[in-house]
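Given below as structure tokens:
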């Protein structure tokens, strides 16, 4: 299945939709419409069915903001890393809470150490 790179940029109230591989250019009012217009433009120009290819839409420049797609990709990676770190921190917190409870530390004291309620400390110990 062919994959076409589509580049969108904002000009006034319109999204300009460029399809360099087939030297195509169209416009749309919304990003959602830009996807549709790109697919239809490629299908009509190449006389192929809409489901016979995929598109990869990139936003290179929006107003004065450059490399929008790259920034968005970086944000996705950073969020995934943050979620992983959050899971690891939660696991370490559960392990520590269980270890403290095994040393006969009260839930109230565990809560104080973790700066959470004793109810939350109980959840950590029991999870």
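Numbering (this note's numbering), first residue to last: 697 to 823.
Backbone N, C-alpha and C fix where the C-beta goes; we use that ideal spot for every residue, glycine too.
| query | result |
| --- | --- |
| Opening and closing residue of the alpha helix (DSSP H) in which residue 765 lies | 764-798 |
| Identity of the residue in 759, 701, 729 nearest residue 718 by Cα | 701 |
| According to DSSP, residues forming a beta bridge with residue 753 | 702 |
| Distance between residue 786 and residue 814 (C-alpha atoms, nearest Å) | 16 Å |
| Residue from 808, 793, 801, 748 with nearest C-alpha to residue 823 | 793 |
| Enclosing alpha helix (DSSP H) for residue 733 [first to last residue] | 727-742 |
| Residue 753 vs residue 778 beta-carbon contact at 9 Å | no |
| Spatially closest choice to residue 759 from 745, 697, 781, 705, by CA coordinates | 705 |
| Continuous beta strand (DSSP E) stretch holding residue 803: start and end | Unbroken run through residue 803 is the alpha helix (DSSP H), 803-810; no beta strand (DSSP E). |
| Beta bridge counterpart(s) of residue 712 as assigned by DSSP | 705, 723 |
| Contacting residues, own chain, Cβ-Cβ under 7 Å from residue 816 (five flanking each side not counted) | 807 |
| Residue 721, buried or exposed, once every other Cβ within 10 Å from all chains shown has been counted against 16 | exposed |
| Candidates 739, 735, 800, 711, of which the one nearest residue 727 by Cα | 711 |
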